[in-house]
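Undergrad: Have a look at this one before I ask anything.
Chains as they are written, first to last, in the numbering used here: chain Y, 855 to 1334; chain B, 68 to 315.
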């Protein structure tokens, strides 16, 4: 239970029954315009007061008789007294209209204003002359000796005359107009209050949800770190015994422990091969976890891309030849230097080219083509080209094959660890599903990007873009 | 409730809750039509262009307490503020705000069988919101109205009665669009609410008005000619009347 509904409304709660003040619900300028139009229409002065006696609107001209009376000392005093009475008199009943008679014989009508069954202010109509006023009343002559009867009578005749019922009608009309204004004002007040509160409530709700999401995110991040740690430890621990398996099987096949029969040699060779394969996988996992945890050490130096690609070409040419696939390198005119770890970059392109060879059938071709490109060529307008192009230039290497291709909707996923477009291809083509995820992370560690495009009419293009040494950060220049 | 002895006012907040399009605003409009001119204020509706409630509707009903009660209550202003909430799911925060400080709730359910799940979901929403405000739905004066009895494919009367008998909330049936059942539900809610307020704030001793006297007075002042007991008798189930020997 709230002690007093008339106290200031609590903004955290919709004020269902707070005290409404006339001055808060209406615009004073507009209210003055309304009263002026009533004054123009009926010639009766109109004033509107709030409950606290504050004058909110005033449409009146001082009658000549009032001006005349006010020139005398006694008249001025009596007038002030009358006006105060009209403004502050008690209004008992809601519907009760009070008639105040002025000492000049003119009258005021006080109309109480109600809204939502509560008193909110008053309308004062007048002074006007009642039909009964035909002579100068004694009360006027009594207030000051200086008042001339003849002058007073002339001026009283100029005061607008009105019957009581006419004034009642004017009062009711004005009350109805005001009620509509008050209702609209109240409605707007509640609406805006409600609006504000709903926004605040929604904000609070969002804040709560955000906090929960942040908590979940932090937990996941911690889990991810643990996973990387786990992976690094396990890979390392697996490698140690594996080295022994590979070493001893190698010694066996070399005949150090005695000659092996044909079948025995075959078995030992298989053990050795599978051991190497397993070691490759473990190395991959180790690289991946190092890249993910950011502990991969990079030995960067200034190089040109041709060095790296030449090496890749010479390493993989024998494999390509064996498979009957043509391997080409086109690196003309690209002499821009870049800061990179040549060993890691070689790993990137060996991986990409090896992959391309694997999925390209006999008679096909795999091409490495390096070029300088400006901007990210994302189709944005070339505004400020002269300024932006040098800052956005990249070394682009495209590895194009004529193999089985990757469907457009699968392209984003191939960089996920252990993802294979078609799991049956693992059996057909081999591979661990780690290569491309390592490629992506290595390229990103160099501040570059890697993406996939289709190679019409068939095949795949891997596009690697690396920043030149002059833009070591790998990012377009920031504003500021 | 706000009880202000200085200003001689009692203000009670009633809220019409329920799923979207169950007829909450229609109930208020019908109530507005039935109530006597001098006791009702303007019906304030905040609607979008397709007649859906955006924030809330509000119907103020005001009457002066008459001779029925003790001298403490004589001439006191009884101010009833009847609100509806927006039913659409997305206005959840607005519903909570309107519900704040409610003294009683009328849950307007849609009788159509296809709306069964929406009714239940809206009730759970009410329960959650009441809980979030730190109150319990068990302690909230609550009546249930099965509206839209005029529609085809509605739950059968017998079935509603059977359900109502098993539940504790008073249940009313209505066709608000035809003005049927509107007063019955309203007075049922008002009665239940006043009983609760009486228990909590000892209104019978403070104001000298017993719940049955209050209801008779409210019905007369709001312009209902008939017997208010007949209105309450329309309740098809649940507990509306005080447990024997409690109130008198």
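Ideal Cβ placement from N, Cα and C applies to all residues, glycine included.
Any Cβ of chain B within less than 9 Å of the Cβ of residue 1056 of chain Y?
TA: Yes, residue 1056 of chain Y lies at the interface with chain B (some Cβ there is under 9 Å from its Cβ).
Undergrad: Does residue 182 of chain B get closer than 9 Å to chain Y when you measure Cβ to Cβ?
TA: No, residue 182 of chain B lies away from the interface with chain Y (no Cβ there is under 9 Å from its Cβ).
Undergrad: Do you know whose CA, among B/270, B/287, B/304, lies nearest residue 71 of chain B's CA?
TA: When each option's Cα is compared against that of residue 71 of chain B, the closest is B/270.
Undergrad: Is the closest heavy atom of the ligand PLP to the C-beta of residue 896 of chain Y under 8 Å?
TA: Among the components modelled here there is no ligand, and therefore nothing to report on the ligand PLP.
Undergrad: Between residue 122 of chain B and the rest of its own chain, which residues show a CB-CB distance below 7 Å, the 5 nearest in sequence each way excluded?
TA: Cβ within range, chain order: 113, 153, 161.
Undergrad: Can you name the residues of chain Y whose CB is closer than 9 Å to the CB of residue 284 of chain B?
TA: None at all; the shortest Cβ gap to chain Y is about 16 Å.
Undergrad: Where does residue 170 of chain B sit, in a helix, a strand or coil, going by DSSP?
TA: Reduced to three states, the DSSP call for residue 170 of chain B is coil.
Undergrad: Residue 1211 of chain Y and residue 1179 of chain Y: beta carbons closer than 9 Å?
TA: A contact, by the Cβ cut-off of 9 Å.
Undergrad: For residue 1208 of chain Y, which option in Y/1304, Y/1174, Y/1109 has the closest C-alpha, if you only look at C-alpha atoms?
TA: Taking only the C-alpha atoms, the option nearest residue 1208 of chain Y is Y/1174.
Undergrad: Looking at the structure shown, is residue 76 of chain B part of a helix, part of a strand, or coil, going by DSSP?
TA: Three-state result, residue 76 of chain B: strand.
Undergrad: Could you name the residues of the same chain whose beta carbon sits closer than 6 Å to that of residue 983 of chain Y, not counting the 5 residues immediately before and after it, in chain order?
TA: Closer than 6 Å at Cβ, skipping near neighbours: 960, 1013, 1015.
Undergrad: Please report the straight-line C-alpha distance between residue 107 of chain B and residue 880 of chain Y, rounded to a whole angstrom.
TA: Cα to Cα, residue 107 of chain B sits roughly 22 Å from residue 880 of chain Y.
Undergrad: Using the three-state DSSP reduction, which class does residue 910 of chain Y fall into: helix, strand or coil?
TA: Reduced to three states, the DSSP call for residue 910 of chain Y is strand.
Undergrad: Could you pull out every residue in the same chain whose Cβ sits closer than 6 Å to the Cβ of residue 1294 of chain Y, ignoring the five residues on either side in sequence?
TA: Contacts found: 1269, 1304.
Undergrad: What's the C-alpha gap between residue 887 of chain Y and residue 97 of chain B?
TA: Approximately 37 Å between the Cα atoms of the pair.
Undergrad: Distance, Cα to Cα, residue 836 of chain Y vs residue 954 of chain Y?
TA: The question about residue 836 of chain Y has no answer here: the residues shown for chain Y are numbered 855 through 1334.
Undergrad: Using a Cβ cut-off of 9 Å (strictly closer), state whether residue 208 of chain B contacts chain Y.
TA: Chain Y, which has no Cβ nearer than 9 Å to the Cβ of residue 208 of chain B, makes this no.
Undergrad: Go through its chain and collect everything with a Cβ distance to residue 236 of chain B's Cβ below 7 Å, but skip five positions before and after it.
TA: Answer for residue 236 of chain B: 209, 210, 211, 305, listed in chain order.
Undergrad: Is any beta-carbon of chain Y found at less than 9 Å from that of residue 229 of chain B?
TA: No, residue 229 of chain B does not count as interfacial toward chain Y.
Undergrad: Classify residue 958 of chain Y as buried or exposed, calling it buried when 16 or more other Cβ atoms lie within 10 Å of its own Cβ.
TA: So residue 958 of chain Y counts as buried.
Undergrad: What alpha helix (DSSP H) runs, 4 residues minimum, are completely inside the region 1136-1205 of chain Y?
TA: Runs of the alpha helix (DSSP H) inside the region 1136-1205 of chain Y: 1159-1177.
Undergrad: How about the region 1305-1321 of chain Y and the region 1160-1175 of chain Y: do they share at least three Cβ pairs that are nearer than 8 Å?
TA: Not touching, per the Cβ criterion.
Undergrad: Does any CB atom of chain B fall closer than 9 Å to the CB of residue 1059 of chain Y?
TA: Chain B, which has a Cβ nearer than 9 Å to the Cβ of residue 1059 of chain Y, makes this yes.
Undergrad: When you compare only the Cα positions, how much space is there between residue 9 of chain B and residue 149 of chain B?
TA: An answer regarding residue 9 of chain B cannot be provided, because it is not within the stretch 68 to 315 covered by chain B.
Undergrad: If I'm right that residue 250 of chain B touches residue 101 of chain B with Cβ under 8 Å, what's the distance once you round it to whole angstroms?
TA: Right, their Cβ atoms sit about 6 Å apart.
Undergrad: Starting from the beta carbon of residue 1041 of chain Y, find every residue of chain B whose beta carbon is closer than 8 Å, and list them in chain order.
TA: What residue 1041 of chain Y touches in chain B: 111, 113.
Undergrad: Could you spell out where the alpha helix (DSSP H) holding residue 886 of chain Y opens and where it closes?
TA: From DSSP, the alpha helix (DSSP H) with residue 886 of chain Y extends over 882-896.
Undergrad: Looking at chain Y, is there any beta carbon in it that lies within less than 9 Å of the beta carbon of residue 122 of chain B?
TA: So, interface residue.
Undergrad: By DSSP's criteria, residue 983 of chain Y is part of a beta bridge. Which residues make up the other side?
TA: Paired residue(s): Y/1015.
Undergrad: Under 8 Å, with one C-beta from each stretch per pair, do the region 1104-1115 of chain Y and the region 1249-1259 of chain Y reach the 3-pair mark?
TA: Not touching, per the Cβ criterion.
Undergrad: Hey, how far is the Cα of residue 1138 of chain Y from the Cα of residue 1288 of chain Y?
TA: If I take the Cα positions, the gap works out to 7 Å.
Undergrad: For the region 1017-1051 of chain Y, enumerate the residues whose C-beta is nearer than 8 Å to any C-beta of chain B, in chain order.
TA: Cβ contacts with chain B: 1037, 1040, 1041, 1044, 1045, 1048, 1049, 1051.
Undergrad: Within the continuous alpha helix (DSSP H) that includes residue 224 of chain B, where are the two ends?
TA: Run containing residue 224 of chain B: 224-233, per the alpha helix (DSSP H) assignment.
Undergrad: Taking only the alpha-carbon atoms, compute the straight-line gap between residue 1231 of chain Y and residue 1248 of chain Y and give it to the nearest angstrom.
TA: The pLDDT assigned to residue 1231 of chain Y is 47, lower than 50, so where the model puts this residue is not dependable; a value taken from the coordinates is nonetheless given after this. Roughly 10 Å between the two C-alpha positions.
Undergrad: Less than 8 Å between the CB atoms is what I'm expecting for residue 1271 of chain Y and residue 1142 of chain Y, so what's the real figure, rounded?
TA: Between residue 1142 of chain Y and residue 1271 of chain Y the Cβ distance is about 6 Å, and since that is below 8 Å, they are a contact.
Undergrad: Less than 6 Å between C-beta atoms, sequence neighbours within five positions excluded: which residues of the same chain meet that for residue 137 of chain B?
TA: Contacts found: 275.
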